[in-house]
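Quick note: the sequence shown uses the working numbering, first residue 11, plus one each step.
Quick reminder that beta carbons are idealized off the backbone N, C-alpha and C, glycines included.
Okay, so here's the structure we're looking at.
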Amino acid sequence: MSQSKIYIFDTTLRDGEQVPGCKLNADEKIELALALENLGVDIIEAGFPISSPGDFESVRNISAVIKNATVCGLTRAVKKDIEVAADALKGAKRPRIHTGIGVSDLHITTKFNSNRDDIRARAIEAVAYARNFVDDVEFYGEDAGRADLSFLASMVEAVINAGATVVNIPDTTGYCLPHQYGEKIAYLFNNVPNIDKAIISCHCHNDLGLATANSIAGVMNGARQIECTINGLGERAGNTSLEEVVMIIKQHESLGLYTDIKAELLNPISRLVSETMRMPVQPNKAIVGSNAFAHSSGIHQDGFLKNAENYEIIRPEDVGADSSKIVLTARSGRSALAHRFQKLGYNFNRNEIDVLYRAFLKVADIKKEVSDEDLKALAVSHFPEVALA
Ligand code: KIV
Ligand code: ZN
Numbered sequence: 011m012s013q014s015k016i017y018i019f020d021t022t023l024r025d026g027e028q029v030p031g032c033k034l035n036a037d038e039k040i041e042l043a044l045a046l047e048n049l050g051v052d053i054i055e056a057g058f059p060i061s062s063p064g065d066f067e068s069v070r071n072i073s074a075v076i077k078n079a080t081v082c083g084l085t086r087a088v089k090k091d092i093e094v095a096a097d098a099l100k101g102a103k104r105p106r107i108h109t110g111i112g113v114s115d116l117h118i119t120t121k122f123n124s125n126r127d128d129i130r131a132r133a134i135e136a137v138a139y140a141r142n143f144v145d146d147v148e149f150y151g152e153d154a155g156r157a158d159l160s161f162l163a164s165m166v167e168a169v170i171n172a173g174a175t176v177v178n179i180p181d182t183t184g185y186c187l188p189h190q191y192g193e194k195i196a197y198l199f200n201n202v203p204n205i206d207k208a209i210i211s212c213h214c215h216n217d218l219g220l221a222t223a224n225s226i227a228g229v230m231n232g233a234r235q236i237e238c239t240i241n242g243l244g245e246r247a248g249n250t251s252l253e254e255v256v257m258i259i260k261q262h263e264s265l266g267l268y269t270d271i272k273a274e275l276l277n278p279i280s281r282l283v284s285e286t287m288r289m290p291v292q293p294n295k296a297i298v299g300s301n302a303f304a305h306s307s308g309i310h311q312d313g314f315l316k317n318a319e320n321y322e323i324i325r326p327e328d329v330g331a332d333s334s335k336i337v338l339t340a341r342s343g344r345s346a347l348a349h350r351f352q353k354l355g356y357n358f359n360r361n362e363i364d365v366l367y368r369a370f371l372k373v374a375d376i377k378k379e380v381s382d383e384d385l386k387a388l389a390v391s392h393f394p395e396v397a398l399a
């Protein structure tokens, strides 16, 4: 079966950088843009040029250094925004303008005090205007997750006719359930006559923890671009996490999809983004959390030591993580303890391990994690003849 490519659109430098405390300076943005290009992302959303002189400069600087990836600048459906973005993107080898407007009735009435026809007309005008500057124009229908379906379909058809090469269907508020988001994309494929003229993109937020699931539902129903960020950074609860969607697509070959991301760089870039943005990664974060390959309960440790695949579906080295860890806690079992003593160079027999295990549990009940130093002390105090041999 031939596989379809999923374009990875990274918005760490735009949606991710909007997060309070994640502001980057110009040099940091360039460093991250180069790392993203090296990772293999197809499109880098470099910023929102009209939002500040600093963001304009960043988009300009990134346009100058990026060689292969498309560099994208965000705008509202406003002529001045589009002109400024086009100016910032002038030096890019592959420039893209990302323009759009709210498409849910809530946004149309309470944000724009307008009506559907007027909003559609503004969208068409913005896309056509942006096409005067660049060949690659992406349209976003903000809050598409809560928009009326037939109106959304009419918008998508209209902006593709106006020249949009990519149409983004954002679940801006992270409201959709995966089957609803998937059905939305399927509806567009069934009801927009010119849909084959553009790439449909998923941009999902994580307010209910569903951003990754929704993006995958999107590509299972025909979307071919995912908008995501490293470590899932982004407004409020964040965006779809790049590392998660990339590894889901890689691990589930039956989806018939692939990306060009170098998976072995996922952990290094996660650390780089976390350090540069001064935003720690939660330990239990899939793929890149410090516990993603740590085993702490006795049952898991025993099974893992017999065959790593019992408890790991990804090899840590495949995503650039440190090797799997057996963490010794009060929930650990004898096999993990024996394994760790062996790694430290001690060969205790079964009876000796029984004795050491009882002593170990006393230490483990006091400490969260038992260290190699604690184990050496236990070995010396209980079996000095073996430990010091
Ligand atoms: O969440 C959203 O709708 C956005 C758009 C600006 C693409 O970030
Ligand atoms: Zn967003």
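Check: Between the Cα of Ile-179 and the Cα atoms of Val-329, Pro-63, Ala-233, Ser-62, which residue gives the shortest distance?
Finding: Of all alpha-carbon atoms in Val-329, Pro-63, Ala-233, Ser-62, the one lying nearest the alpha-carbon of Ile-179 is that of Ala-233.
Check: Tell me which same chain residues have a C-beta within less than 6 Å of the C-beta of Ala-98, skipping the five on either side of it?
Finding: Correct list, in chain order: Pro-59, Phe-66, Val-69, Arg-70, Gly-83.
Check: On the three-state DSSP scale, how would you describe Thr-277?
Finding: The residue asked about is misnamed: residue 277 is Asn in this sequence, not Thr. Looking at Asn-277 - three-state DSSP - the assignment turns out to be helix.
Checklist line | Contacting residues, own chain, Cβ-Cβ under 6 Å from Asn-357 (five flanking each side not counted) | finding: Apart from the 5 residues on each side of it in sequence, Asn-357 has no Cβ closer than 6 Å to any other Cβ in its chain.
Margin query: Does the structure place the stretch 101-114 close enough to the stretch 146-155 that three or more beta carbon pairs sit under 8 Å?
Written below: Yes: the two stretches touch, three or more of their Cβ pairs being nearer than 8 Å.
Notebook entry, point to check: Can Val-256 and Ile-18 be called in contact, C-beta distance under 9 Å?
Noted result: Yes, Cβ-Cβ distance for Val-256 and Ile-18 is below 9 Å.
Notebook entry, point to check: When the Cβ atoms of the stretch 196-209 are set against those of the stretch 241-261, are three or more pairs found closer than 8 Å?
Noted result: Too few Cβ pairs lie closer than 8 Å, so no.
Next item on the list: On a CA-only basis, which of Met-165, Arg-106, Asp-384, Asn-142 is nearest Ala-131? Give me that one, please.
Entry: Cα-wise, what sits closest to Ala-131 is Met-165.
Item checked: 9 Å Cβ cutoff met for Met-287 and Glu-27 -> Yes; because the gap between Cβ atoms is below 9 Å, this pair is in contact.
Checklist line | Length at least 4, wholly inside the stretch 281-339: the alpha helix (DSSP H) runs in chain order | finding: As for any alpha helix (DSSP H) of minimum length 4 sitting wholly inside the stretch 281-339, the runs are 308-316, ordered along the chain.
Check: In this structure, does DSSP put Phe-161 in helix, strand or coil?
Finding: In this structure, Phe-161 counts as helix in the three-state DSSP scheme.
Check: If you measure from the CB of Pro-180, is any heavy atom of ligand 4 nearer than 8 Å?
Finding: Absence of ligand 4 is noted for the structure shown, with ligand 1 and ligand 2 being the only ligands found.
Margin query: ligand 2 and Asp-25: does the residue's C-beta get closer than 8 Å to at least one heavy atom of that ligand?
Written below: Yes.
Check: By DSSP, does Ala-208 sit in helix, in strand, or in coil?
Finding: It is coil, neither helix nor strand.
Margin query: Just to check my reading of the structure: Ile-259 and Ile-16 have Cβ atoms closer than 8 Å, yes? What is that Cβ distance to the nearest angstrom?
Written below: The pair is a contact, with the Cβ atoms about 6 Å apart (cut-off 8 Å).
Notebook entry, point to check: Is it right to say Ala-79 is buried, meaning 16 or more other beta carbons lie within 10 angstroms of its own, or is it exposed?
Noted result: Counting every other CB atom within 10 Å of its CB across the protein chains shown gives Ala-79 a total of 16 or more, marking it as buried.
Note to self: Please state the DSSP three-state secondary structure of Gly-151.
What the structure shows: It is a strand residue.
Check: How do the stretch 314-333 and the stretch 362-371 stand: do at least 3 beta-carbon pairs fall below 8 Å, yes or no?
Finding: No, they do not touch.
Checklist line | N- and C-terminal bounds of the beta strand (DSSP E) containing Ala-221 | finding: Run containing Ala-221: none in the beta strand (DSSP E); it sits in the alpha helix (DSSP H), 221-230.
Next item on the list: Tell whether a beta-carbon distance below 9 Å holds between Leu-338 and Ala-346.
Entry: Contact flag set, yes.
Checklist line | Inter-residue spacing [alpha-carbon to alpha-carbon] between Ala-340 and Gly-184 | finding: So the alpha carbons of these two residues sit roughly 39 Å apart.
Item checked: Contact under 9 Å by Cβ, Tyr-197 with Asp-181 -> Their beta carbons are not under 9 Å apart, which means Tyr-197 does not touch Asp-181 by this criterion.
Next item on the list: Between the Cα of Leu-276 and those of Ala-296, Glu-263, Gln-292, Leu-265, spot the shortest distance and give me the residue it belongs to.
Entry: Just measuring C-alpha positions, the residue of Ala-296, Glu-263, Gln-292, Leu-265 sitting nearest Leu-276 is Ala-296.
Notebook entry, point to check: Per DSSP, which one or two residues make a beta bridge with Val-176?
Noted result: For Val-176, which the question treats as bridged, DSSP gives the partners Glu-148, Ile-209.
Next item on the list: Report the three-state DSSP secondary structure of Gln-235 (helix, strand or coil).
Entry: The answer is strand: DSSP assigns Gln-235 an E or B state.
Margin query: Considering Cα atoms alone, identify which of Glu-253, Pro-30, Arg-246, Leu-44 is closest to Ser-225.
Written below: Nearest option by C-alpha distance: Glu-253.
Item checked: Coil, strand or helix - His-262 by DSSP -> Collapsing the DSSP output to three states places His-262 in coil.
Next item on the list: Compute the minimum distance between the beta carbon of Thr-21 and the heavy atoms of ligand 2, and state whether it is under 8 Å.
Entry: Within the cutoff, so yes.
Margin query: Using 8 Å for Cβ pairs, my map puts Ser-114 next to Asp-153. What's the rounded Cβ distance?
Written below: Correct: roughly 4 Å between the Cβ atoms.
Check: Using a Cβ-Cβ cut-off of 8 Å (strictly less than) and excluding sequence neighbours within five positions of Ala-138, which residues of its own chain qualify?
Finding: Excluding residues up to 5 positions away in sequence, Ala-172, Gly-173 lie with their Cβ nearer than 8 Å to the Cβ of Ala-138 in the same chain.
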